[in-house]
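Just so you know, the protein sequences line up as chains A and B, in that order. Here the first sequence stands for residues 673 to 838, numbered as in the numbering used here. Here the second sequence stands for residues 4 to 330, numbered as in the numbering used here. Below: one structure, written as structure tokens.
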Amino acid sequence: MPTYVTRFGSLDQYEKGGVEIIDDDPKRYTFSNIFDVAAHSRPYEKVAVGKNRQYVLEAIRAEGDSDWRRTAHDEFALVMDGEVEVILHRLSPDEEPPEGTQGSIQLGHEPAGPRMGRVVARRGHMTLLPAHAAYRFRAEKPAVLLLQTIEGADTLYRWGEICQTH
Amino acid sequence: MTLLMDTDVIASEPNAHGYAEFTLGEFHFRRDEYFVYVKWPTGSHVMSADAFLRAMQRDVAWNFFYGIVNFDGVVGTVNHYGTVDLFAGRYNDAYRKAEMDHVENFQSENIKATFEGMLADWTNASFDPFASPEETGSAFGDKNGSNLAAVTRRRVASRRMVSCDDDEQLRTDATHPINRMFADVPQDSPSVEPEPGFESEVKAYNLFAYLSRSDVTWNPSVVSVCKDSLYCPTTEEYILPIIHGNDRVEWFVQLSDEIIWAVEDRDTGAARTRVVMKPGDVASMPANIRHQGYAPKRAMLLVWENADGALPELYATGKLPSHPVDF
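Right, here's the structure in full:
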């Protein structure tokens, strides 16, 4: 019986595929690589690698402690490489994001609400970042997160730098 | 002789090979040992029975999916979300120019009932249309039993996230053994330490382990939901049995291994690009293309969809560009 090797990528070892054009513009395919983006990002920059109307996928380099962030809707963090600790607190009423806020925004201080719990996630693990929670990431070594969320004030767009253009 | 299977399905008595023949509007379908034959007023078509059943299985299970499900370059369906077009040659430049194309519109439940009847009757006991070719027996031969358990699998559709309360639950050895090609995928669990009272909101699970236990191929299933933003990962091996024509932009994130996509113009089938995706790669599929994937080894693919029901009309009328981002 053959032995199969499943290949995942990492910050240290990734190989990009690409768009081979026959009759089209490569920019229409918005082709990038999560590990390549994280390798060239500062810690906890939220760089969009996917955008579908208001919804985004953000590639995040986790390294050290993030700021405390707060969200009014569910988000989901998938660890693509490394290990990331997630601390969750319930937002107190006066910490709730302003009405209509999409994505996550900085909290700016230690959360006042009760601690909800802690998750330690490694490659392939998906963590719920629940609505009306504050969260902070911590990574002892550089790690990579893919965040399912909605575009917010801190979402960064670098399509021209990260995508295949020719 | 025509036999009515129920109020909407028109099926014959078994033919010489033991299979019922089906009529839907002006389309007629029959199969024999190796092939499926489709006839319509201006033309006819033949497909290998295994390819036809694999395509029909996806069309039925996905409730006609988003946009166009091409069984091949000639026959397929267009989802109008309440009604469905069944077409022949509609998205094939040569058939259009020869005026051999044909389209009929049906209520979704009517066409689905006929397709379900065809899938149930034409799938033999040895064949699982959702399995990879190495993991199923033959689709061929005269009628030989059925495989209703395989063709009526429940589609996984999480409401919040897999493992959350009252939601899709984790897969175990008892129901979903690890696939032979993912035997090396770590099965560890995240450390989840909720404070009392927050057990239902402090949640995490191993998505890659969950996917390593999938018993089907090319079958996107919802695992997390952020309003209309749906994560629909799937495990892929061999060839996507349909050519998916988009009615909106969708995105692919390659989680493991490699998939090669052949991308064509949605309406004519003219070649546009090849997209080679390796672990960590992200690519959008514009709203005016169709695509078919090739996976040499079972691979984990994250299909990311926007389920906003207004999108097909916005793209079709040009109110949104067919590509997601200008830069």
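Glycine is no exception: its CB is placed at the ideal position from the N, C-alpha and C atoms.
The beta carbon of B:Tyr241 does not come within 8 Å of any beta carbon belonging to chain A, so the residue lies off that interface. Excluding its 5 nearest sequence neighbours in each direction, A:Leu763 has C-beta neighbours in its own chain below 6 Å: Arg742, Gly785, His804, Ala806, listed in chain order. With respect to B:Tyr234, A:Gln820 sits close: the two C-beta atoms are nearer than 8 Å.
For A:Asp739, the closest C-alpha among the options A:Phe707, A:Leu779, A:Gly824 is that of A:Leu779. Secondary structure note for B:Leu56: it is in no beta strand (DSSP E), and the uninterrupted alpha helix (DSSP H) holding it is 52–64. Neighbours of B:Tyr234 across chain A, judged by C-beta separation under 8 Å: Phe748, Gln820.
Shortest Cα-Cα distance from B:Arg293 to any of B:Thr178, B:Glu267, B:Ala52 involves B:Glu267. With respect to chain B, the C-beta atom of A:Lys688 has a partner C-beta closer than 8 Å. Counted as a single uninterrupted DSSP element, the stretch harbouring B:Tyr94 is not any beta strand (DSSP E), since DSSP gives it neither H nor E. Scanning the region 157–245 of chain B for uninterrupted beta strand (DSSP E) segments of 3 residues or longer gives 194–197, 207–209, 227–229, 232–242, listed from N- to C-terminal end. Within the region 787–836 of chain A, the complete beta strand (DSSP E) runs of at least 3 residues fall at 787–794, 797–801, 805–822. B:Val165 has its alpha-carbon roughly 36 Å from the corresponding atom of B:Asn108. The beta carbon of B:Ser161 sits closer than 6 Å to the beta carbons of Asp170, Glu171, Val225, Val226 from its chain, once the five residues preceding and following it are set aside; these are given in chain order. Around A:Ala825, the same chain offers Gly775, Ile777 as residues with beta carbons nearer than 8 Å, after the five sequence neighbours per side are excluded. B:Thr80 and A:Gly722 have their alpha carbons spaced roughly 28 Å apart.
Taking a beta-carbon distance threshold of 8 Å, B:His179 does not count as an interface residue toward chain A. The beta carbon of B:Ile242 is closer than 6 Å to those of Tyr297 in its chain, skipping five residues each way along the sequence. Interface flag for A:Ser764 against chain B is unset, since no Cβ pair is found closer than 8 Å.
Its chain contains Val252, Ser287, Pro289, Ala290 as the residues whose beta carbon lies nearer than 8 Å to that of B:His326, once the 5 sequence neighbours on both sides are disregarded; these appear in chain order. Contact between the region 310–318 of chain B and the region 674–693 of chain A is absent: fewer than three C-beta pairs spanning the two stretches fall below 8 Å. Annotation for B:Asp250: no beta strand (DSSP E) segment contains it, and DSSP assigns it neither H nor E. By the Cβ test, the region 691–709 of chain A is not in contact with the region 781–797 of chain A, since fewer than three Cβ pairs between them sit closer than 8 Å. The alpha-carbon of B:Asp284 is positioned some 45 Å away from that of B:Asp11.
When 7 Å is used as the limit between beta carbons, A:Ser704 is near these residues of chain B: Val285, in chain order. Collapsing the DSSP output to three states places B:Asn113 in a helix. Going by C-alpha positions, B:Ala274 is about 15 Å away from B:Asp75. Excluding its 5 nearest sequence neighbours in each direction, B:Val159 has C-beta neighbours in its own chain below 6 Å: Glu171, Ser224, listed in chain order.
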